[in-house]
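2 protein chains.
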Amino acid sequence: MERFSCEVVAVGTELLLGQIVDTNSSWIGEQLALNGIESYFQTKVGDNPERIKKTLKQAIGRSDFVIVCGGLGPTQDDLTRDVIAEVMGVELVTDEELVERIAAIFGNRGREMPLNNLRQAQVPVGAETLSVMPGTAPGLKAVINGKTLYAVPGVPWEMKQMVLEDILPDMRAKAGISSIIGSKTLRTWGDSESGLSEKLAQEIERLDQVGGATIAFLASGIEGLKVRLTTKGDSKSEVEDALNTEADIVSSILGDEIIFSYDDQTMEEVVLGICKDKGLTLGVAESLTGGLIGSRLTSVSGSSEVFKGSIVAYSSDVKHAILKTPDVPSVSQAAAEAMAVGACRALNADIGLAVTGEAGPEPLEEEVGRVWMATSVGGVVKSSTVKWPFDRERIRQFTTITVLNALRLRLKEEI
Amino acid sequence: MERFSCEVVAVGTELLLGQIVDTNSSWIGEQLALNGIESYFQTKVGDNPERIKKTLKQAIGRSDFVIVCGGLGPTQDDLTRDVIAEVMGVELVTDEELVERIAAIFGNRGREMPLNNLRQAQVPVGAETLSVMPGTAPGLKAVINGKTLYAVPGVPWEMKQMVLEDILPDMRAKAGISSIIGSKTLRTWGDSESGLSEKLAQEIERLDQVGGATIAFLASGIEGLKVRLTTKGDSKSEVEDALNTEADIVSSILGDEIIFSYDDQTMEEVVLGICKDKGLTLGVAESLTGGLIGSRLTSVSGSSEVFKGSIVAYSSDVKHAILKTPDVPSVSQAAAEAMAVGACRALNADIGLAVTGEAGPEPLEEEVGRVWMATSVGGVVKSSTVKWPFDRERIRQFTTITVLNALRLRLKEEI
Numbered sequence: 045m046e047r048f049s050c051e052v053v054a055v056g057t058e059l060l061l062g063q064i065v066d067t068n069s070s071w072i073g074e075q076l077a078l079n080g081i082e083s084y085f086q087t088k089v090g091d092n093p094e095r096i097k098k099t100l101k102q103a104i105g106r107s108d109f110v111i112v113c114g115g116l117g118p119t120q121d122d123l124t125r126d127v128i129a130e131v132m133g134v135e136l137v138t139d140e141e142l143v144e145r146i147a148a149i150f151g152n153r154g155r156e157m158p159l160n161n162l163r164q165a166q167v168p169v170g171a172e173t174l175s176v177m178p179g180t181a182p183g184l185k186a187v188i189n190g191k192t193l194y195a196v197p198g199v200p201w202e203m204k205q206m207v208l209e210d211i212l213p214d215m216r217a218k219a220g221i222s223s224i225i226g227s228k229t230l231r232t233w234g235d236s237e238s239g240l241s242e243k244l245a246q247e248i249e250r251l252d253q254v255g256g257a258t259i260a261f262l263a264s265g266i267e268g269l270k271v272r273l274t275t276k277g278d279s280k281s282e283v284e285d286a287l288n289t290e291a292d293i294v295s296s297i298l299g300d301e302i303i304f305s306y307d308d309q310t311m312e313e314v315v316l317g318i319c320k321d322k323g324l325t326l327g328v329a330e331s332l333t334g335g336l337i338g339s340r341l342t343s344v345s346g347s348s349e350v351f352k353g354s355i356v357a358y359s360s361d362v363k364h365a366i367l368k369t370p371d372v373p374s375v376s377q378a379a380a381e382a383m384a385v386g387a388c389r390a391l392n393a394d395i396g397l398a399v400t401g402e403a404g405p406e407p408l409e410e411e412v413g414r415v416w417m418a419t420s421v422g423g424v425v426k427s428s429t430v431k432w433p434f435d436r437e438r439i440r441q442f443t444t445i446t447v448l449n450a451l452r453l454r455l456k457e458e459i
Numbered sequence: 045m046e047r048f049s050c051e052v053v054a055v056g057t058e059l060l061l062g063q064i065v066d067t068n069s070s071w072i073g074e075q076l077a078l079n080g081i082e083s084y085f086q087t088k089v090g091d092n093p094e095r096i097k098k099t100l101k102q103a104i105g106r107s108d109f110v111i112v113c114g115g116l117g118p119t120q121d122d123l124t125r126d127v128i129a130e131v132m133g134v135e136l137v138t139d140e141e142l143v144e145r146i147a148a149i150f151g152n153r154g155r156e157m158p159l160n161n162l163r164q165a166q167v168p169v170g171a172e173t174l175s176v177m178p179g180t181a182p183g184l185k186a187v188i189n190g191k192t193l194y195a196v197p198g199v200p201w202e203m204k205q206m207v208l209e210d211i212l213p214d215m216r217a218k219a220g221i222s223s224i225i226g227s228k229t230l231r232t233w234g235d236s237e238s239g240l241s242e243k244l245a246q247e248i249e250r251l252d253q254v255g256g257a258t259i260a261f262l263a264s265g266i267e268g269l270k271v272r273l274t275t276k277g278d279s280k281s282e283v284e285d286a287l288n289t290e291a292d293i294v295s296s297i298l299g300d301e302i303i304f305s306y307d308d309q310t311m312e313e314v315v316l317g318i319c320k321d322k323g324l325t326l327g328v329a330e331s332l333t334g335g336l337i338g339s340r341l342t343s344v345s346g347s348s349e350v351f352k353g354s355i356v357a358y359s360s361d362v363k364h365a366i367l368k369t370p371d372v373p374s375v376s377q378a379a380a381e382a383m384a385v386g387a388c389r390a391l392n393a394d395i396g397l398a399v400t401g402e403a404g405p406e407p408l409e410e411e412v413g414r415v416w417m418a419t420s421v422g423g424v425v426k427s428s429t430v431k432w433p434f435d436r437e438r439i440r441q442f443t444t445i446t447v448l449n450a451l452r453l454r455l456k457e458e459i
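As you go down the protein sequences, you meet chains A and B in turn. Position one of the first sequence corresponds to residue 45 (the working numbering), numbered consecutively onward. Position one of the second sequence corresponds to residue 45 (the working numbering), numbered consecutively onward.
Now the structure itself:
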């Protein structure tokens, strides 16, 4: 079957000057792929009517659909409407219904509509406005030489809503695409990308042959290493079933030690969730991470039900005074274990979690990258060590997710 | 004077699918602007030889220079070399010197060169390799119909080094551009973008008329609100002098209360620097920020000379037990002040800094966004409050930079 193609044109001199990175086109490209529409070209062009016109004409000439993004605002620099009218060879007319809609939006905010915004109510004769209009900039749709051109504002949340709710369904109908695409992200920790891809090689090959789901890997730092399953089907429930079946297969290969979440939850959410289910509170003692563990845990709303606090002991006298660590080297197994116990005591928590290590760039007490981690659960302390070959920031980030994962595994096994 | 233009073509199907955001083109666009070269179009195209060829031909037809980015790797998907040869109408030949250079790079890493990498040593007849070669992918330069086409790898650090050290100087020479462009970033906190632009309106107008430096604003969250000065001159020292003169003028208008750094230092670096100069140590007590203040301070290497630690008191019993706060509401002036004093005591620090507040999304004790901040310097406690109209994450971030700024101002005034 011939596949339909859509080209994206992003309008704005600020994009060419690098003042704004064009993430809109990337996002649209991803959505097109998910909906089975090909994407061959994406172009950025400045706020110049001649060059926008040439770019749109070329795009209409070589693609089935065109999405032009940006240049729909109320100022004189916003040229997309005018250029579309010119490409269509028609006039712009003021749409009185749009005037009222825009005026009403200002009215709801208790403000008068500036006269400039009248420009936004202008529509090329023969073009339609998109039914979805999240802001004050109406989107446009025009058929030119049998091809469909859509114009959306550059404001990401307005653009996204129009693309998802209006443009993609329209394109799918025109292209005769009835299948639905869905994806599911499993998050993992504890294996490398090449390790995962080796373990899953046979399954990936099998999927290639039967044409089922696809599997992609995405290294995401402190968010873990993501495994994304994508599949296509005729209905939402069919797609969901297929994704769940595939997730079970991947899970049986990788195991729950490696996979920490099946629904895109962060490691912090997973650990806080387990603690909450068990009715356990958590206290942290951290040195090299400097507050990062606490900061990540408290980025989850509702964390206060579980998380009592963290002792950021950046100097050894704080370790001694508050955590009551004995007179041992700061970066050592004994220090980490005493810190975990100290966190429970000082913060009156059921579970203690501690890290100490050398973040660099210069070694102070130990080789750079050496980290000791400890967890205290039910009064029993366990510890482990790792030597990271990374820079300061990554040492801190990888330590954070690793110690949280160690706690997750202990709680899963022991409680 | 007619200005020269350069078009950027980014090659890679993964760019169209949104798997990678094309930040390379944005970065190149910024560099071109800084060097006085116009940028009219930027195009993304997939790994398809016909479409790459059409895109390159069009770019050569309408621009003076073309930079094509990506597709220079060792795999069969890397088509840029082949397409350039086709556009030039010539063969690819193996450059023996390049073979040796690439083999030597592998040798230095103690590895044998895979045969695939021989592809990277192929050069279209009549094209040159760029002299700068940071990785194993050589850059190319070819003159086609009097226009110059440069090819660079998509790996950002390799691409950037080639553009900065090889391509831009070459373009400037060809375009007869001798002037140098430089910029200087002042960081501010405590005023809005519109507030700053109002205060600087007269100066911006004056600069417009005399054609001196330009002033741009960039809101950067926890990094502050940046004011970037850019100017052009015939020599490095002339540019530096002009930037320093302009920085003095901006400084006299905005003042040091607003401007916290003149050389792109972060707020954490500035505060740690002041403390270090004065020989003072710092302790933190934080609730709603959950460790973010400590985490930011310790992201600065060498922070252990000043920063003693942080008590992340996420539950009120921790506030009472470790910080010895009295029996007052958790989010209150009295709590914040007691926490600052408690941080000094518990962490044995000269200076105490504390925040408590309601980060939301649901109000627990106070309205969402209400934050109390306190600093203790020389035993004297000062406090202030703010009500942020933001979401949880921004409330935490803005609180962090605001309380650090409050400490900066106190230390500047009092010590």
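Yeah, the Cβ is synthetic: ideal placement off N, Cα and C, and Gly gets one too. Quantities reported herein were computed from a predicted structural model and do not represent experimental measurements.
Taking buried to mean at least 16 other C-beta atoms within 10 Å of its own C-beta, is valine 385(B) buried or exposed? Within the second sequence, numbered from 1, the residue matching residue 385(B) stands at position 341. With 16 or more Cβ atoms within 10 Å of its Cβ, valine 385(B) is classed as buried.
Taking serine 281(B) as the reference, give the member of Glu237(B), Ser223(B), Ser241(B) and Gly265(B) with the closest Cα. Your numbering for residue 281(B) matches position 237 in the second sequence. Measuring from the Cα of serine 281(B), the nearest candidate turns out to be Ser223(B).
Closer than 7 angstroms by C-beta to lysine 88(B): which residues in its own chain qualify, once you throw out the five before and the five after it? Chain order, please. Position 44 of the second sequence, counted from the first residue, corresponds to residue 88(B). Same-chain partners within the cutoff: Ala54, Leu59, Leu60 and Asp66.
Expected contact under 8 angstroms - CB spacing of lysine 352(A) and asparagine 288(A) to nearest Å: Position 308 of the first sequence holds residue 352(A). Position 244 of the first sequence holds residue 288(A). Actually they do not touch by this definition, with Cβ atoms about 36 angstroms apart.
From this set, Val375(A), Leu240(A), Asp285(A) and Thr57(A), which residue's C-alpha is nearest lysine 276(A)'s C-alpha? For this step, residue 276(A) is matched to residue 232 along the first sequence. The residue with the shortest Cα to Cα distance from lysine 276(A) is Asp285(A).
Residues of chain A with a CB under 9 angstroms from the CB of asparagine 392(B): which are they? Taking the second sequence and counting its residues from 1, the one referred to as residue 392(B) is at position 348. Residues of chain A passing the Cβ test: Ser359, Asp361, Val362 and Ala365.
Looking at the strands, I want to know which residues DSSP matches up with tyrosine 306(A). Locating residue 306(A) in the first sequence gives position 262, where the first residue counts as 1. According to DSSP, which records beta bridges pairwise, tyrosine 306(A) is partnered with nothing at all.
Any C-beta of chain B under 9 angstroms from that of glutamine 63(A): Locating residue 63(A) in the first sequence gives position 19, counting from the first residue. It does; some Cβ of chain B falls within 9 angstroms.
Members of the region 74–92 of chain B near chain A, C-beta cut-off 7 angstroms: Glu74, Ala77, Ser83, Tyr84, Phe85, Gln86, Thr87, Lys88, Val89 and Gly90
Apart from the five residues just before and just after lysine 320(A), which ones in its own chain have a Cβ nearer than 7 angstroms to its Cβ? As a first step, residue 320(A) is located in the first sequence; it is residue number 276 there, counting from the start. Counting only Cβ-Cβ distances below 7 angstroms, and skipping sequence neighbours, we find Glu349 and Val350.
Which one or two residues does DSSP pair with tryptophan 416(B) in a beta bridge? As a working note, residue 416(B) is residue 372 in the second sequence. Tryptophan 416(B) is bridged to Thr400(B) and Thr429(B).
How many Å lie between serine 374(A) and cysteine 388(A) at the Cα? By one-based count along the first sequence, residue 374(A) stands at place 330. By one-based count along the first sequence, residue 388(A) stands at place 344. Their Cα atoms are separated by approximately 19 angstroms.
Exposed or buried, what is alanine 450(A) when buried is set at 16 or more other beta-carbons lying within 10 Å of its beta-carbon? Taking the first sequence and counting its residues from 1, one reaches residue 450(A) at position 406. The residue in question, alanine 450(A), is buried, as its Cβ has 16 or more Cβ neighbours within 10 Å.
Proximal residues to valine 283(B) (C-beta, below 8 angstroms), its chain only, five neighbours per side dropped: Start at 1 with the first residue of the second sequence, and residue 283(B) comes out as number 239. Here the set comprises Ile224, Ile225, Gly226, Thr275, Lys276 and Gly277.
Let me know the secondary structure DSSP gives glutamine 460(A) once reduced to three states. Nothing can be reported for residue 460(A), as the shown portion of chain A is limited to 45 through 459.
Considering only C-alpha positions, which residue in the set Lys185(B), Val167(B) and Pro168(B) is nearest to leucine 174(B)? Stepping through the second sequence from its first residue, residue 174(B) is reached at position 130. If we check each option's Cα against that of leucine 174(B), Lys185(B) comes out closest.
For a contact defined as C-beta to C-beta under 8 angstroms, what are the partners of glutamate 437(B) on chain A? For the purposes of this step, residue 437(B) is identified with residue 393 of the second sequence, where counting begins at 1. Going along chain A in sequence order, the residues near glutamate 437(B) (Cβ under 8 angstroms) are Ser343.
For the 8 angstroms Cβ check, are there 3 or more pairs between the region 210–224 of chain A and the region 242–255 of chain A? no
Determine the extent of the beta strand (DSSP E) in which isoleucine 225(A) is found, giving its start and end residues. As a position in the first sequence, residue 225(A) is number 181, starting the count at 1. Residues 224–232.
Outcome for serine 354(B) when other beta-carbon atoms lying within 10 angstroms are tallied against a minimum of 16: Numbered from 1 along the second sequence, position 310 holds the residue referred to as residue 354(B). Serine 354(B) should be labelled buried.
Proline 93(A) beta carbon near the ligand HEM (any heavy atom closer than 8 angstroms): The ligand HEM is not part of the structure shown, which contains no ligands of any sort.
In whole angstroms, what separates the C-alpha of isoleucine 366(A) from that of leucine 367(B)? Taking the first sequence and counting its residues from 1, one reaches residue 366(A) at position 322. Taking the second sequence and counting its residues from 1, one reaches residue 367(B) at position 323. If I take the Cα positions, the gap works out to 11 angstroms.
Measuring CB to CB, does glycine 62(B) end up less than 9 angstroms from glycine 183(A)? Residue numbering aside, residue 62(B) sits at position 18 when the second sequence is read from its first letter. Residue numbering aside, residue 183(A) sits at position 139 when the first sequence is read from its first letter. Contact: no.
Minimum length 3: unbroken beta strand (DSSP E) runs contained in the region 224–281 of chain B: 224–232, 258–263 and 269–277
So, under 8 angstroms CB-CB, glycine 7(A) and leucine 332(A) are touching, yes? Tell me the CB distance rounded to an integer number of Å. In the structure as shown, chain A starts at 45 and stops at 459, and residue 7(A) therefore has no counterpart that could be examined.
Continuous beta strand (DSSP E) stretch holding glutamine 86(A): start and end: Position 42 of the first sequence, counted from the first residue, corresponds to residue 86(A). Glutamine 86(A) -> beta strand (DSSP E) spans 85–89.
Which residues DSSP lists as bridging isoleucine 128(B), in chain order: Here the question's residue 128(B) lines up with position 84 in the second sequence. DSSP lists no partner for isoleucine 128(B).
Sub-9 angstroms separation of leucine 273(B) and glutamate 290(B) beta-carbons: Locating residue 273(B) in the second sequence gives position 229, counting from the first residue. Locating residue 290(B) in the second sequence gives position 246, counting from the first residue. Yes; because the gap between Cβ atoms is below 9 angstroms, this pair is in contact.
Short of 9 angstroms Cβ to Cβ, which residues in the region 122–152 of chain B face chain A? none
How big is the Cα-Cα spacing for glutamate 141(A) and valine 112(A)? Residue 141(A) sits at position 97 when you count from the first residue of the first sequence. Residue 112(A) sits at position 68 when you count from the first residue of the first sequence. Going by the C-alpha atoms only, they are around 23 angstroms apart.
So, at 6 angstroms on beta carbons, what are the nonlocal neighbours of leucine 193(A) in its own chain, with the 5 sequence-adjacent residues on each side left out? The residue labelled residue 193(A) in the question sits at position 149 within the first sequence. Excluding sequence neighbours, leucine 193(A) sits near Val110 and Ala186.
Which same chain residues, not among the five before or five after valine 176(B), have their C-beta less than 8 angstroms away from its C-beta? Here the question's residue 176(B) lines up with position 132 in the second sequence. Closer than 8 angstroms at the Cβ level, and outside the excluded window around valine 176(B), lie Gly183, Gln205, Met206, Glu209 and Asp210.
Who are the neighbours of threonine 67(A) on chain B, taking C-beta pairs under 8 angstroms? Start at 1 with the first residue of the first sequence, and residue 67(A) comes out as number 23. Here the neighbours are Val65.
Could you tell me whether any Cβ in chain B is nearer than 9 angstroms to the Cβ of glycine 115(A)? Position 71 of the first sequence, counting from 1, holds the residue named residue 115(A). Not an interface residue.
Can you round the beta-carbon distance between glycine 12(B) and threonine 57(B) to whole angstroms, since I take them to be within the 8 angstroms contact cut? The question about residue 12(B) has no answer here: the residues shown for chain B are numbered 45 through 459.
Against chain A, does arginine 440(B) count as a neighbour if the rule is that its beta carbon must be under 9 angstroms from one of theirs? Here residue 440(B) refers to the residue found at position 396 when the second sequence is read from its first residue. Output row for arginine 440(B): interface = yes.
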